[in-house]
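As structure tokens, the structure follows; a few thoughts come after it.
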Amino acid sequence: MKIADPDAVLPPHPPNTDVRVLIPVGDRFADLRSRLAAEQVPFREIGYLLEQESVHTLNDDGQLTVVTDQSGLTRSASRRNRAASGPAAQTARDAFELMWQNHSMVEGLLTEPLPIERVVPAAWVRYLPHPVVNPAQAEAIPHILSSGEHLIVVAPTGAGKTVMGMVAALRTVLEQGKKAAWLVPQRSLTDELNEELDSWRQRGLRVERLSGEYRLDAQRIRDADLWVTTTEKFESICRTASLREALAEVGCLIVDEIHLLGDRTRGPFLEAILARVRGAGSRMRIIGLSATVANADELAVWLHARTVRVAWRPTQLTWQLPVVAKTADWSLVEGAKSRLTSGIVNMVTANRGSVLVFCSSKRNVRRTALIIAASRGADVFGVDPDDPDVVHRICAAARVGLHYKGWEYKREAEKGFRARELDVLVATSTVAAGVNMPARAVVVQDTEVGLKSIDVATVQQMFGRAGRVGAGENEGWAFLIVDDVERAVWQRKLLAGFRVDSQIQDSFPEHVLAEAIQGRINSLSQAERWWAQTLAHHQGSRDMTPLRQAVRFLIDGDFLRQVARSDKIDELIPTELGLLTARLMVSPQVCYQLRTALAGLDLPKSPAEAENLLIQTIAAHVPELAQAAISEALKANAVQLKLAGGVVSDDGQVHIECRQSAGSFAYSQGDLACAVLLTAANSPSQFHRGARVIAGIPYATMYPILERAPRYLYWLSSQGFLGTVHPWVAVVAADLSKRIRWRRCQPGRGAGRLLWMCEQMVTAEHAEDLVPTLWHAATSRGLTSPDWTETGRPQGTQLDPSDYAALLRDRVTGAVLESTSGEVRLKCSTTAILATWSGTNYITSPAPQGKATTDAPGSGSEHGAAVFTWRGDYQATGWLSGYSQCQPVVDQRLVSIQT
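Numbering (our numbering), first residue to last: 281 to 1179.
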């Protein structure tokens, strides 16, 4: 039995019945302890025990039965017990046995560490963070150093897998003279690992952090000894032809959280990478690190690796599943979970402990933090959870911090929690994935994210934050709050562990295309051989039909070209569109749908109409934009902002002609993305550096859309030179992509070309700082386009004189488009494409020497011509000519949009 009620009484039972009891620590249970001792009932004391459960065979039929009650912290007058038999009872018995055994030998848990010189060469000691290694490291490191075979190291969270990865990297760099690459699942983890490896830079090693937020020059990537990179960024390097030689120098691939092979988003990329380098003869060694892999041996067989299992953990972890009652009213369940979370927090912090609370959404983080702050005496009446400044101020005063991507006080919260200035940190899953935030206890408040259940690996990672050695804790307590219906399911999942299953089949076209551009697939038979190397194939998926369908899709979508050879084997060659799509890491399926939708649109008649059409199409057809997270409370604001066409007055108000009708429009997928992108297009002044809330929507909610949309817009704009989209799409997308990316410059319509020029004049590494500087310098001089006549290099440009002269030649500046006697003639100074159109029909003509002639499309608003240079500049006739230079930003108080 697990008893969390000090007044509980043991049920009647026959003599010689095996009775064992787990009870909480504390004075409240002194009488219960005395009664159990008097009755000679074995018991063990568990700190913070909340579960109330009995597993027995006392029924008339002798069947194993489990009876579960709500946690004492939330038990209501209408309390109810839930009884179950069969698998649920067996799982409950196994969970009891696990907790009973874990608390049988508390002494001796912490084994003495070893001096680090006993396990690694003396010359490496100065690179490692501690003078000793713990037993887990002492067990795993010899396997890393003794051979060159692939390894999967399975060790509990907190066992020090980072040091194991460091040793693998040092061996590769210092002993073998090769590069190492360290793959981590999230950008935030590259930040933390990068900081830990700062001492390596001080000792002469070249460590480079590679992720979407940090852009480096290619030469620095080539020169580096160690890459700290996200999986997606490493795959991007694999797809970049200019970095193939540097990639060939990588001798070791350290894969943090290798169990994310089973993640639907990141897993396919990781599987594709590992499929290339698996096998005993690989030149790139794989060191996979994980705490949660139930089928590690199966993965090892696939990789031709050896499994190293480490059982030692620096702290004792006890997990529980406190129960709230399941009701039809979702709000009642959420309220009960919040109260239980607050109760657990106050119980643990009363003993000077610290608590991490995990929530399913950013808004839930803010809401839960306020509830905890209120339980500590804070006045939260009337506080808007979407006001970040007020939420931060109130919660910080109550020693509660918040942490999620986009929260501007995130670093402050990390620092305060580590320093024990804050004893509660409420976060999304970012902290679970490895950011070192030690705590005594962890509370996982939500079992679903959106409508999807969180996976057991994520829960186990969250649990692993409890009892971290860095906080001086030798015991950890983890709580997953569940309702009484789902409790048995989660007990079974946690006991079984996380099984990794391949997810690559859902994105076959993207990975077949990626292999094709890297030269590994140039025929259907080679595609089939590649398929045989995947984890999906290893796990029994042998049907070739999905693979062949993926190849056919890529051919029909113009991503691959099929060429007949003399040996009767058709060759598969990536098209320019295929190369562009793979290089930008965008899904061919999504891009095909996007192109198809845009091709079906009528020709716009103005820039405003064109931008509206393009934004609506992207918002609807790009899943990561259409499905962008937004709380229920903000949906009405998003709908109103969309109806207003993104027009926000300088005083922050949204004006639409039929304001009263905004509430009658239900929120639909894509509305948030549409509203955000329209606002960036039509109200650029709102995106000043101090902006936190725009038109009632937090900037943090907008941020993911603003970061992701430019990649798809750039994909469309680059097709102007390829001739694979209508010219109006390419021109408008080119302008929008730059305006949205550089939104902090507050650029208006037509600013794209000038921003393009500023980008071209600096290196990728310094673009974030220098592009805004160059932009402000140009606009302050009255420049509205890159069409200046001076040949001297502007101050701040990073190009040498010859490269800058080449850039000037590659503009469309001075290009001449002449329409005479039924022909259109182009004359410009660089390689370009001439495009002409009549309505939705268009044709393109190459201008390899800057000259081209084609038939005139006609006259009027339905006809026009455009020129696209190989480097990305453009010029067009008609209403598209408005995108050649910056247009003045209109005072939005004077704008009225017809809805």
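We treat Cβ as the ideally placed atom computed from N, Cα and C, and that holds for glycine.
Annotation for Lys-1107: the continuous beta strand (DSSP E) segment containing it runs 1103-1107.
Sequence-distant Cβ neighbours of Arg-373 in its own chain, meaning closer than 8 Å and more than five residues away, are Val-335, Leu-344 and Val-346. Assigned with DSSP and collapsed to three states, Tyr-328 falls in coil, not helix or strand. Counting the other CB atoms within 10 Å of its CB gives Asn-802 a total of 16 or more, which places it among the buried residues. If you draw a straight line from the Cα of Val-604 to the Cα of Asp-307, it comes to about 26 Å. Excluding sequence positions up to five before and after Gly-531, its CB lies within less than 8 Å of the CB of Thr-452, Gln-456, Lys-458, Lys-459, Ala-460, Arg-563, Met-564 and Arg-565, all in the same chain and listed in chain order. Counting of Cβ neighbours within 10 angstroms places Ile-849 among the exposed residues, the total staying below 16. Secondary structure of Thr-1134 (DSSP, three-state): strand. Inter-residue distance for Pro-422 and Glu-429 is about 12 Å (C-alpha atoms, whole angstroms).
Assigned with DSSP and collapsed to three states, His-584 falls in coil, not helix or strand. Between the C-alpha atoms of Val-780 and Ala-719 there is a straight-line separation of about 28 Å.
Only buried fits Gly-1032, as 16 or more other CB atoms lie within 10 angstroms of its CB. The residue among Phe-1148, Pro-295, Trp-610 and Thr-738 with its C-alpha nearest the C-alpha of Gln-999 is Phe-1148. Of all C-beta pairs linking the region 829-844 to the region 791-800, three or more are shorter than 8 Å, placing the two stretches in contact. Around Ile-624, the same chain offers Tyr-328, Leu-330, Leu-353, Pro-602, Val-635, Ala-721, Val-723 and Phe-759 as residues with beta carbons nearer than 8 Å, after the five sequence neighbours per side are excluded. For Phe-661 and Arg-679, the gap between their C-alpha atoms comes out near 18 Å. Within the model, the alpha-carbon separation for Pro-295 versus Val-762 is close to 35 Å. When beta bridges are read from the DSSP output, Ile-985 appears opposite no residue.
A residue is called buried when at least 16 other Cβ atoms come within 10 angstroms of its Cβ; Gly-445 meets this threshold and is buried.
Looking at the DSSP output, Pro-1052 shares a beta bridge with no other residue. Nearest C-alpha to Lys-885 among Asp-311, Arg-698 and Gly-1144: Gly-1144. With contact defined as three or more Cβ pairs closer than 8 Å, the region 470-478 and the region 1017-1027 are not in contact. Residues Asp-503, Ala-504 and Asp-505 of the same chain have their beta carbon placed closer than 7 Å to that of Arg-486, with the five preceding and five following residues left out of the count. In terms of Cβ geometry, Arg-589 and Val-434 form a close pair [threshold 8 Å]. The C-alpha of Val-956 is placed about 13 Å away from the C-alpha of Ala-900. The DSSP-derived three-state label of Phe-514 is helix.
Going by DSSP, Gly-1162 is part of no alpha helix (DSSP H) at all; its letter is neither H nor E. Of all alpha-carbon atoms in Val-405, Phe-514, Val-573 and Ala-439, the one lying nearest the alpha-carbon of Ile-432 is that of Val-573. Beta-bridge annotation (DSSP): Asp-349 is paired with Gln-332.
Nearest to Glu-1103 by C-alpha distance, out of Leu-1087, Ala-654, His-1046 and Pro-1137, is Pro-1137.
With the rule of 3 Cβ pairs closer than 8 Å, the region 678-693 counts as touching the region 645-655. When only Cα atoms are considered, Tyr-983 and Gly-686 end up about 7 Å apart. Within the DSSP secondary-structure output, Gly-542 pairs in no beta bridge. In terms of Cβ geometry, Pro-826 and Leu-840 do not form a close pair [threshold 8 Å]. Exclusion of the five residues before and after Val-866 leaves Arg-991, Tyr-992 and Trp-995 as the residues of its chain whose Cβ lies within less than 8 Å of its Cβ.
DSSP lists no bridge partner for Val-399.
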